[in-house]
Amino acid sequence: MGRSSTRMEVLFVAHTHTDAELKPLFIPASATAERMAEAAGNFLGTLTPALREKTALPFDGIERFRWHYIPIEMWDRKGVSLTELNEQQQEAAFALMASGLSAKGYQKARSIINLETTLGEIEKAAGEARLVRDPSFYFFTVFGDPTGNGAWGWRAEGHHVSLNFTVVNRELISPNPFFFGSNPAEVPSGEKTGMRVLSGEEDAARKLLTCLNATQKSQSIFNADSASDILTRDVPKVEFESVEGLADVSIFVSLLTADSQKPIAILHFSGRRQF
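In our numbering, the protein residues as written are 48 to 322.
In structure tokens form, the structure reads like this:
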């Protein structure tokens, strides 16, 4: 339910033209890794044995590769939900979320979660309340042992939020998959009228299109009709060749003008992460 019927997805595709395997992005950030480990340990420490058993899962298990941003009725999530936690435990869960995000990113995540109530009210007024919209339907999971030196990770996830972090050697962090969505894109009525949680990203994407010349647009817009969902979906490994037209997108940032690169910088470095 966006501001208009127009939807847009911006994809940044790196072409190597080699057979080299793409490897996960790991960022050196020991201070953040330590904060994450401490926050994860504190969170697990607040849980009862039964809740901890649901929350703490093996790092090498298949569940770590199962992620999605769709509502709970459409996706069987593991971990512990906010509905099962008391106030102290919820505070510890959100402290874990905050450990991987900047203040700006954390505010966006909480705003997206709280927007579930607004979405529910909009759908109810329109007679379209098919799903339960509840800001407590968000799940937290810890993979592996955050107190040791081995690899471990954590996830915070629910409708339109999927944060997945992997930590290696208490220093290297992979912040992906990382997904934020917003529904509605702009709140049409009520106390939050005009609220746009992802306004910076949306405006930058539209600005990018206005900066492209005709040739660049012909290279980058590979489908005139908007997709019903993100094209690369929730698979563990994206196969760009499997998405029709995507493999032919060949605009490189280095070939764009300075004006064209500005909105890309905004999209890439929108201040979501802690590092």
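By construction, the Cβ of each residue, glycine as well, lies at the ideal position given by its N, Cα and C atoms.
- With respect to the C-alpha of residue 166, the residue from 239, 191, 132 having the closest C-alpha is 239.
- Partner residues in the beta bridge of residue 75, as assigned by DSSP, are 219.
- In summary, residue 105 is exposed, with fewer than 16 beta-carbon neighbours lying within 10 Å of its beta-carbon over all protein chains present.
- Every unbroken stretch of the alpha helix (DSSP H) spanning 4 or more residues and falling wholly within the stretch 109-193 is given here in chain order: 134-146, 150-172.
- Between residue 201 and residue 191, the C-beta gap is not smaller than 7 Å, which leaves the two residues out of contact.
- Counting every other CB atom within 10 Å of its CB across the protein chains shown gives residue 90 a total of 16 or more, marking it as buried.
- Residues 93 of the same chain have their beta carbon placed closer than 7 Å to that of residue 135, with the five preceding and five following residues left out of the count.
- Residue 268 counts as exposed, since fewer than 16 other C-beta atoms from the protein chains shown sit within 10 angstroms of its C-beta.
- Taking the Cα of residue 114 as reference, the smallest distance to any Cα among 219, 224, 215 is reached at 224.
- For residue 247, the uninterrupted alpha helix (DSSP H) segment begins and ends at 246-258.
- In this chain, the beta strand (DSSP E) harbouring residue 203 covers 199-205.
- For residue 227, the enclosing beta strand (DSSP E) has its first and last residue at 225-227.
- Taking the Cα of residue 144 as reference, the smallest distance to any Cα among 265, 244, 80 is reached at 80.
- Counting along the chain, residue 267 sits inside the alpha helix (DSSP H) bounded by residues 261-267.
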